[in-house]
Amino acid sequence: MRITVRSGRMGRVRGGVQVFAALEGEQRPARLLPDSTARDQELKRLVAGSGFRGAPNEVLFLPRSGGGQWVIVVGLGKEKELSLERVRQFGGTAARAVRARRFKALAVPVLRERGLGTPAAVAQALVEGVLLGLYQYTKLKRVPKSEQGKRIDAVTLVVERAGDVAAAKRAVEKARVIAEAVALARDLINGPSNIVTPTYLAHQARALAKQFRLKSRIIPFAQLKRLGFGGIVGVAQGSNHPAQFIVLEYTPSRAKATFALCGKGITFDSGGISIKPSAKMEQMKYDMSGAAAVLGTLKAAATLKLPYRVVGIIAATENLPSGTAQKPGDVLKTLSGKTVEVLNTDAEGRLVLADCLHYAKRYKPDCCVDLATLTGACVVALGGEAIGLMTKDEKLAARISQAGKTTYERVWRLPLWGEYGPALKSDIADLRNVTNTGEAGTITAGKFLEEFAEGLPWAHLDIAGTAWIEKDKPYIPKGAVGIGVRLLVKLMENWK
Ligand code: BES
Ligand code: ZN
Ligand code: ZN
């Protein structure tokens, strides 16, 4: 897709649509933006007569008299609530509406309202919204006749001042990189588990390594057994697809800090012998969303040439029942040497992450973040709007929260108080993998991980509720969200 930046007023768009924004106000009609459109009497009259209010993501299509130019007005919501997130949504809503009507191009204003930040920041949010909103997973289906030709070829951003063009262009490129990294994560997550196997993830990692000259180490199942990766092996032993432990390393010259990013890569979670109910079990292909976020983040970091060393550590395996699967009551020995009594084979994420976190220690990272669709309890507690954040590191918590606010991949902190720990004591091993009450399921999972993160400046992100959505959002089509990529990139960008 071609994205260009121009300065001045919104002009005609060949084969396309002019996009205007509107603020929702007390009185009608809604106020049109950019402010220069106020002089457009025809437009004002049409909007006034339409009942359009300017509520967030409300859409109004208008044919202009003479010449066939089309206009679309998209609601931004109330002026007081304006934010970059509203701009992101505005971009997604506009682009999708224009595509649905079979237009090929659109021109959108880079808004300059107070409180939105620089034109570059607005341009970045806008283009993120457009590109993320237009994402589709179409690899596995023929596009029906009625959908064919619905494709946007060109987007024009219109900034008010010529002096802002250069910065806006850089912002566009950055947004493109980020959107492509998120799309990679989404593709991996949307891909079914018979295609996106542990081996497939390893191939993807190798491809990234080749493309960006990253260092990679991939340890297949047979070696994991020999090397003592007991957590991963315990989960993987029921599957016919060999597990893969994936390490990808991006090292710029003169790196200012080292980030270790651990991702849960369960390509399908049936629960194992503690099998899940069949309703919605198909969704458990998204149990590798943490791994997908790590791969997407590495792609973005390498493309943007961030001045930090980034080490991605992924445990990829299925969790299936079979004659060789681990059984409730089995005891395994993790890479750290700690033993775990596996009382529920469906609490497998913490077992594979235990090995990832221990492995991360060898890099002596300045920051270690793990991402995992870890607990159903997190879905219950926070739903789809917040990632569960657990860490004892106040400064890291603040940094992650801040990145969450700006990217709108928001996090909500849960405590790791000592009192939650004893429930994980086992009679015959160092730990048990589930508590017997099931209380505070998200926190106790975090406490379990903490046992393997000793000495690491570590934070745990439970993305079980946020990684997958069942209803379209303005810039997230239903299915894989690709959550975590934008959050982690922002965390690193703000590090210093
Ligand atoms: N992958 C699941 C968690 C999950 C549930 C993710 C729903 C997304 C949506 C995880 O492996 C799991 O099954 N956890 C168990 C833990 C329990 C046995 C302590 C759970 O949440 O039920
Ligand atoms: Zn599970
Ligand atoms: Zn799982």
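For the sequence shown, numbering that gives the first Met the number 0 begins at 0 and goes up steadily by one.
No residue lacks a Cβ here, since even glycine has one placed at the ideal position from N, Cα and C.
All values derive from a computational prediction rather than experimental measurement.
- Three or more beta-carbon pairs separated by less than 8 Å link the segment 360-370 to the segment 287-296, which places the two stretches in contact.
- G262 has its Cβ no nearer than 7 Å to any heavy atom of ligand 2.
- A straight line joining the alpha-carbon of T250 with that of G311 spans about 11 Å.
- DSSP, reduced to helix, strand and coil, places E317 within a strand of the structure shown.
- Less than 8 Å divides the Cβ of K255 from the Cβ of Y307.
- Judged by DSSP secondary structure, H459 falls outside any alpha helix (DSSP H) and instead within the beta strand (DSSP E) spanning W457 to D461.
- With respect to A122, A182 sits apart: the two C-beta atoms are not nearer than 8 Å.
- When distances are taken from the beta-carbon of V433 to the heavy atoms of ligand 1, the shortest one is below 7 Å.
- Cβ neighbours of A174 within its own chain (closer than 6 Å, five residues either side excluded): Q123, V126 and E127.
- A106 is positioned such that its CB atom lies no closer than 8 Å to that of V73.
- Pairing A458 with R212, the inter-Cα distance amounts to about 28 Å.
- The Cβ atoms of K284 and V351 lie no closer than 8 Å to each other.
- Distances from the alpha-carbon of L415 to those of A396, R409, A346 and T406 put A396 closest.
- For F447, the three-state secondary structure derived from DSSP is helix.
- The DSSP-derived three-state label of M389 is strand.
- Counted as a single uninterrupted DSSP element, the beta strand (DSSP E) harbouring S215 occupies residues K214 to P219.
- If you ignore the 5 residues before and after P55, its C-beta comes within less than 6 Å of the C-beta of G74 and G76, all in its own chain and listed in chain order.
- One Cα belongs to A299, the other to T257, and the distance between them is close to 16 Å.
- With fewer than 16 neighbouring CB atoms inside 10 Å of its own CB, K424 falls in the exposed class.
- Close CB contacts of T196 within its chain, under the 7 Å cut and outside five residues either way in sequence, are with H240 and T266 (chain order).
- With a cutoff of 7 Å, E347 counts as near ligand 3, since its C-beta is closer than that to a heavy atom of the ligand.
- Per DSSP, R30 is one residue of the beta strand (DSSP E) stretching across R30 to L32.
- For D186, the enclosing alpha helix (DSSP H) stretches over residues V164 to N189.
- Just measuring C-alpha positions, the residue of V97, P28, L455 and K477 sitting nearest K391 is L455.
- The straight-line gap separating the alpha-carbon atoms of P33 and F89 is approximately 13 Å.
- At least one heavy atom of ligand 2 lies closer than 7 Å to the C-beta of G270.
- Between ligand 1 and the CB of N343, the shortest heavy atom gap is smaller than 7 Å.
- The Cβ neighbour count for Q26, taken over all protein chains shown within 10 Å, is under 16; the residue is labelled exposed.
- With a cutoff of 8 Å on beta-carbon distance, A21 and G53 are scored as near each other.
- If you look at R85, you'll find it in the alpha helix (DSSP H) that goes L83 to A99.
- Residue range R1 to S6 is occupied by the beta strand (DSSP E) that includes R1, with no alpha helix (DSSP H) assigned at that position.
- If you check the C-beta of N493 against ligand 2, you find no heavy atom less than 7 Å away.
- By the neighbour-count criterion, in which a residue is buried when 16 or more other Cβ atoms sit within 10 angstroms of its Cβ, G483 is buried.
- K332 is bridged by DSSP to T338.
- In this structure, L207 and L247 form a Cβ contact; the two beta carbons are roughly 6 Å apart against a cut-off of 8 Å.
- A Cβ-Cβ separation of about 6 Å places S215 in contact with A204 under the 8 Å criterion.
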